[in-house]
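Peer 1: Okay, here's the structure, questions in a sec.
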Amino acid sequence: MNKGIACLAIALALAAPRIALAGAQQYEVLTASVRATLASAVNARDTVDWNDMETRAWVRAMTRRVKPFYPDEDAARSFLGLVRYEAKRAGLDPHLVLAVIEIESKFRKYAVSKAGARGLMQVMPFWVKEIGTPTTNLFQERVNIRFGCVILRHYLDRENGNVFNALGRYNGSLGRAEYPDKIFKVLKSRWALDAPA
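All the letters of the sequence shown, read from the start, carry residue numbers -22 to -1, 1 to 175 under mature numbering (1 follows the signal peptide of the UniProt record, and there is no 0).
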């Protein structure tokens, strides 16, 4: 009997979303025009252009770097194509987006923070109410990465291009250096093109 309970407890623990140590984006009142712009950005329908030589070369170069998180090469390539596409679409450096994903969720698709942030980029559920639709699922890779990129772009615009402050806003830690410093450290050591692969 105890063995059965122990097995059940282990199965439930493995099935439950993992807790992420990410901070929490702070809710802020959006003007109607900002809300409409962000909603339009997250709800647009488009796909990765695998015929683009730059995309294919970048994905090839980055596949080894995501191997610890995505051991399946096809899954890694699909994920990287998606990250590059969504980052470029939002006007972000895809390497920065990879660094944010690593620090926010350790590449865990179903991560949930103590504050309730969800998915790879640890998006707070209030964003769904602000700019999503009733069917928005923050645990879907494409949805989460798109929301995360659109939100980070919004914070970059609010901070006049200051990446340090935008990262602080993204994490809910504006004014503190710990989170942006972690992002910059992993960006330089793992995700920058000249970082060791």
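Glycine is no exception: its CB is placed at the ideal position from the N, C-alpha and C atoms.
From which residue to which residue does the alpha helix (DSSP H) around N143 run?
Peer 2: Walking along the sequence shown from the start, residue 143 turns up at place 165. Segment 141 to 149, the alpha helix (DSSP H) holding N143.
Peer 1: Please state the DSSP three-state secondary structure of L74.
Peer 2: If you number the sequence shown from 1, residue 74 lands on position 96. Helix at L74.
Peer 1: Ignoring anything shorter than 4 residues or poking outside the segment 112 to 144, list the alpha helix (DSSP H) runs there in chain order.
Peer 2: Counting whole runs of 4 or more residues, the segment 112 to 144 contains the alpha helix (DSSP H) stretches 119 to 136.
Peer 1: Per DSSP, what kind of secondary structure is A(-12) in: helix, strand or coil?
Peer 2: Taking the sequence shown and counting its residues from 1, one reaches residue -12 at position 11. Summary for A(-12): the model assigns pLDDT 41, below 50, so the residue's position carries little reliability; its value from the coordinates is reported in the next sentence. Helix, per DSSP.
Peer 1: Quick one: Cα of E82 to Cα of Q100, how far?
Peer 2: Taking the first residue of the sequence shown as 1, we reach residue 82 at position 104. Taking the first residue of the sequence shown as 1, we reach residue 100 at position 122. Straight-line Cα distance between these residues: approximately 6 Å.
Peer 1: Would you please state the rounded distance, in angstroms, between the beta carbons of L98 and E119? I believe it to be under 8 Å.
Peer 2: As a first step, residue 98 is located in the sequence shown; it is residue number 120 there, counting from the start. As a first step, residue 119 is located in the sequence shown; it is residue number 141 there, counting from the start. Confirmed, about 7 Å.
Peer 1: Hey, would you say residue 176 sits closer than 7 Å to M40, going by beta carbons?
Peer 2: In the structure as shown, the chain begins at -22 and stops at 175. Residue 176 is therefore absent and cannot be evaluated.
Peer 1: So, with DSSP's three-state summary, where would you put R96?
Peer 2: For the purposes of this step, residue 96 is identified with residue 118 of the sequence shown, where counting begins at 1. Residue state, collapsed to three classes: strand.
Peer 1: Name the two residues that bound the continuous alpha helix (DSSP H) containing T41.
Peer 2: Residue numbering aside, residue 41 sits at position 63 when the sequence shown is read from its first letter. Segment 31 to 44, the alpha helix (DSSP H) holding T41.
Peer 1: Once you ignore the five residues that flank A173 on each side, which residues in its own chain have a CB closer than 7 Å to its CB?
Peer 2: What you label residue 173 is simply residue 195 of the sequence shown in a count that begins at 1. Within the same chain, A173 has close Cβ partners K166, S167.
Peer 1: Applying the criterion that 16 or more other CB atoms from any shown protein chain within 10 Å of the CB defines a buried residue, is M102 buried or exposed?
Peer 2: Position 124 of the sequence shown holds residue 102. Flag for M102 reads buried.
Peer 1: Can you tell me the Cα-Cα spacing of T33 and L130, whole angstroms?
Peer 2: Taking the first residue of the sequence shown as 1, we reach residue 33 at position 55. Taking the first residue of the sequence shown as 1, we reach residue 130 at position 152. If you take the alpha carbons of T33 and L130, they lie about 21 Å apart.
Peer 1: If you follow the alpha helix (DSSP H) that F57 is part of, which residue opens it and which one closes it?
Peer 2: Position 79 of the sequence shown, counting from 1, holds the residue named residue 57. Here the alpha helix (DSSP H) through F57 covers 51 to 67.
Peer 1: Residue range of the alpha helix (DSSP H) that Y157 falls in?
Peer 2: Counted from its first residue, the sequence shown places residue 157 at position 179. Unbroken alpha helix (DSSP H) run through Y157: 156 to 164.
Peer 1: Is F47 closer than 7 Å to F85 when the C-beta atoms are compared?
Peer 2: Here residue 85 corresponds to residue number 107 of the sequence shown, with the count starting at 1. Here residue 47 corresponds to residue number 69 of the sequence shown, with the count starting at 1. Yes; because the gap between Cβ atoms is below 7 Å, this pair is in contact.
Peer 1: Could you check the C-alpha separation between T114 and K87 for me, to the nearest Å?
Peer 2: The count along the sequence shown starts at 1 and reaches residue 114 at position 136. The count along the sequence shown starts at 1 and reaches residue 87 at position 109. For T114 and K87, the distance between alpha carbons rounds to 15 Å.
Peer 1: Write down the C-beta distance between V106 and L116 rounded to the nearest angstrom, noting that I regard them as a contact closer than 8 Å.
Peer 2: Reading the sequence shown from its first residue, position 128 is the one you call residue 106. Reading the sequence shown from its first residue, position 138 is the one you call residue 116. The Cβ separation is near 7 Å, so the contact holds.
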